[in-house]
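From first to last, the protein sequence lines are chains A and B. Going left to right, the first sequence walks through residues 437 to 650 as this note's numbering numbers them. Going left to right, the second sequence walks through residues 34 to 423 as this note's numbering numbers them.
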Amino acid sequence: MSNKDKEPLFSAKNMKLLTGPLGSGNPVTVQILGICSALAVTAKLQPALVMALSVTVVTAFSNLILSLMRNTIPSRIRIIVQLVVVAALVILVDQVLKAFVYDVSKQLSVFVGLIITNCIVMGRIEAFALGNKPWPAFLDGVGNGLGYGMILVILGFFRELLGAGTLWGYRVIPESFYAHGYSNNGLMLLPPMALICVGVIIWIHRSRNKNLCE
Amino acid sequence: MLRKYLDKIKPQFEKGGRFSKLHSTFDAFETFLYVPNTVTKSGSHIRDAIELKRTMSVVVIALLPALLFGMYNVGLQHFRAIGLGDKAVMECFEFGFLKVLPIIVVSYVVGLGIEFLFAQIRGHEVNEGFLVSGMLIPLVMPVDAPLWMVGVSTAFAVIIGKEVFGGTGMNVFNPALIARAFMFFAYTPYISGDKVWIAGMSEGYTIDGYSGATPLTEIAGSMAEKSSSLGVTSTVHDWLIGTIPGSIGETSFIAIMIGAAILLFTGIASWRIMLSVFAGGYLMGLLFNAIGLNPYMEMPAYYHFLLGGFAFGAVFMATDPVTGSQTNTGKFIYGLMIGAFAVLIRVVNPGYPEGMMLSILFMNAMAPLIDHYVVAANIRRRNRRINATK
């Protein structure tokens, strides 16, 4: 490759791959993908953050690996190849979580394993990694993982704060509030309220970004 | 005089006037006080002396017997609980009035405040739907509910239950029930159990051993212990009159029936829905009588009408014209299912002593589906008739 057509690593186009999913291309609030796990693991902030990181790692590296392999995979069996790669990465992540943050891993339970079926992972591989070079594919994976993770952390923050009065397990709302009649909102800990919260985030997002309104 | 005052300040709210931004607010007050002069100009329309604001006012009037009795009952239950026995009617009413009024005020201020805010932002007229919801919400709350919780529930109901769907007439669920459901799931200890239904009881100003449980809670409790009796401490006579603990407006069957008579006489509520809710509950009650595994199932079916919020829900909640079925056949199906599910939840699931709220909300969600199939069946039938005559 000649020096002339070599792109810088963080060119404007590549940065857009990274930051697009955080805003107008957000996988959760715009593409409405990965809702199931977003509702299931966000009752507390800590599991939400761990889940966000796990998904980011999986999307980033599955995009990278499959982009490297993209010219060698026969298109008729590509889904199987993708699944093998994703499953291997998920198992790695699962083992790492079990080894280092066992408590959180127990809270996340099956949802770590279910990253394999997360639409965001397969969606990005199909839509982007198989048609692009490894580096942009990697950035795209990181961006989408972070876009998903951002929503998870926002949800986890509000659900834990309003539902349990704690953040990261530490009490945030002072005892004197409770003495004056304040009470935790039990509905916040239930998945239906998480769905409503996602709806509210989408509402705010669209009212700020009019291009997204149909 | 009021008319003159309105006419005097009106120009300031017209286009270009000083308060033109507040036009919708002014309009809301003016049309609330006087029937507007404007008429529908285009399309077909039925000429009638009554429109939405007047309809809503009739429903509020129909709610008054339940509200007034509820106030009296709050006082009565309170004085009984603190060991003063049965006091004079006016004394009970006065106590109850002072207890209930703040809840009503909070409900209206929060609800209407949000409605006005949305009307201003979106630049449309203020919807009048909250006139009824604002009165229904206090009536389905326990008297000891903290006021800020009533406020939060109301705000949730108006924003998530109504405004996101586009305001009055577009909502899928009954806003008053959304408020109660929010309260029920978010602040469960404040809307269930045996303390919250009597004013002052949760702070412990009661004589020892006095139970503030509603009859339904008592029954659910004794069923959980596999008791051989229903375990209620009140009689059928009490249930009819309504001198039992419960949500503010739901206790008196007679007061609710006065409201029902007003709604049916003016033709505002659908008699089809009202009748079929009771029929559905009765049939389900009979079915449980036939099964008869425990005293609750063997209980006479009509008891269900008198207990808890069944009658209140059937008369004021299920008949909401926006969230219910629109087709006549659909109304029967909708009502029957509400009654049947309410009794089913009550008897089978001890976790929810009262099934009316969940049952109506569930059928609210199903109502469009029922309508769809009723309409589709009608189209099919008429198609067959065409083909037969060919």
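No residue lacks a Cβ here, since even glycine has one placed at the ideal position from N, Cα and C. Every value quoted in this text rests on a predicted model; they were computed, and no experiment measured them.
Roughly how many angstroms separate the alpha carbons of residue i and residue j, rounded to a whole number?
| i | j | result |
| --- | --- | --- |
| N462 of chain A | P570 of chain A | 21 Å |
| N554 of chain A | H405 of chain B | 34 Å |
| F6 of chain B | V191 of chain B | One cannot answer for residue 6 of chain B here, as it falls past the ends of chain B, which runs 34 to 423. |
| D227 of chain B | S255 of chain B | 13 Å |
| Y335 of chain B | A344 of chain B | 11 Å |
| T6 of chain B | V176 of chain B | No answer is possible for residue 6 of chain B: it lies beyond the span of chain B, which begins at 34 and ends at 423. |
| L339 of chain B | M123 of chain B | 25 Å |
| G363 of chain B | A323 of chain B | 28 Å |
| L273 of chain B | N621 of chain A | 35 Å |
| V229 of chain B | I252 of chain B | 17 Å |
| M182 of chain B | M290 of chain B | 29 Å |
| F321 of chain B | F374 of chain B | 12 Å |
| I638 of chain A | C472 of chain A | 16 Å |
| V520 of chain A | N507 of chain A | 17 Å |
| V466 of chain A | P572 of chain A | 21 Å |
| F128 of chain B | L319 of chain B | 40 Å |
| P383 of chain B | M317 of chain B | 17 Å |
| V546 of chain A | N580 of chain A | 22 Å |
| M170 of chain B | A209 of chain B | One point to set straight first is that residue 170 of chain B is Ile, not Met, in the sequence displayed. Looking at the two C-alpha atoms, the distance is approximately 5 Å. |
| S140 of chain B | A178 of chain B | 12 Å |
With H, G and I counted as helix, E and B as strand and the rest as coil, what does DSSP make of residue i?
| i | result |
| --- | --- |
| L504 of chain A | helix |
| Y606 of chain A | strand |
| G279 of chain B | coil |
| Y618 of chain A | coil |
| A479 of chain A | coil |
| S541 of chain A | helix |
| N397 of chain B | helix |
| S90 of chain B | helix |
| I378 of chain B | helix |
| V176 of chain B | coil |
| F564 of chain A | coil |
| P570 of chain A | helix |
| G313 of chain B | helix |
| I371 of chain B | helix |
| I412 of chain B | helix |
| P248 of chain B | helix |
| P420 of chain B | Inspection of the sequence shows that residue 420 of chain B is occupied by Asn rather than by Pro. The answer is helix: DSSP assigns N420 of chain B an H, G or I state. |
| P457 of chain A | helix |
| Y141 of chain B | helix |
| E611 of chain A | helix |
| H270 of chain B | helix |
Once you ignore the five residues that flank residue i on each side, which residues in its own chain have a CB closer than 7 Å to its CB?
| i | result |
| --- | --- |
| I561 of chain A | S498, N499, L502 and Q518 |
| M437 of chain A | With a pLDDT of 39 at M437 of chain A, under the threshold of 50, the modelled position of that residue is not reliable, and the figure given next carries that caveat. The answer is none, since no qualifying residue turns up. |
| T276 of chain B | N106 and L109 |
| E331 of chain B | N322 and G325 |
Could you tell me which of the options sits nearest to residue i, measuring between CA atoms?
| i | options | result |
| --- | --- | --- |
| M307 of chain B | B:G314, B:V348 and B:I211 | B:V348 |
| A312 of chain B | B:M370, B:M330, B:G264 and B:T284 | B:M370 |
| V380 of chain B | B:Y315, B:A114, B:L101 and B:T268 | B:Y315 |
| A630 of chain A | A:A479, A:I468 and A:S460 | A:A479 |
| M104 of chain B | B:V142, B:Y141, B:P278 and B:H157 | B:P278 |
| L402 of chain B | B:S225, B:S358, B:F218 and B:E148 | B:S358 |
| S166 of chain B | B:I211, B:V185, B:T360 and B:M182 | B:I211 |
| I527 of chain A | A:I509, A:G549 and A:L454 | A:G549 |
| F215 of chain B | A:L626, A:I516, A:V589 and A:Y614 | A:L626 |
| K452 of chain A | A:V608, A:W604 and A:L575 | A:L575 |
With a CB to CB cut of under 6 Å and the five nearest residues on each side skipped, what residues in its chain are close to residue i?
| i | result |
| --- | --- |
| M624 of chain A | R595, L598 and G599 |
| H78 of chain B | Confidence at H78 of chain B is low in this model, with a pLDDT of 49, below 50, so the placement of that residue is unreliable and no value is reported for it. |
| A95 of chain B | G292, I295 and L296 |
| S541 of chain A | L533 and K534 |
| A563 of chain A | none |
| V91 of chain B | T299 and I301 |
| G583 of chain A | P457, L458, N462 and P463 |
| F189 of chain B | F215 |
| S511 of chain A | none |
| T283 of chain B | Reading off the sequence, residue 283 of chain B comes out as Glu, not Thr. G342 and F345. |
Residues in the same chain with beta-carbon distance under 8 Å from residue i, minus the five sequence neighbours each way, listed in chain order, please.
| i | result |
| --- | --- |
| S303 of chain B | T352, P354, G357 and K364 |
| P483 of chain A | V477, V540, Q543, L544 and G592 |
| L485 of chain A | G585, L588, V589 and G592 |
- Could I get the ranges of all uninterrupted alpha helix (DSSP H) runs contained in the region 202-226 of chain B, with 4 residues as the minimum, in chain order? 208-219
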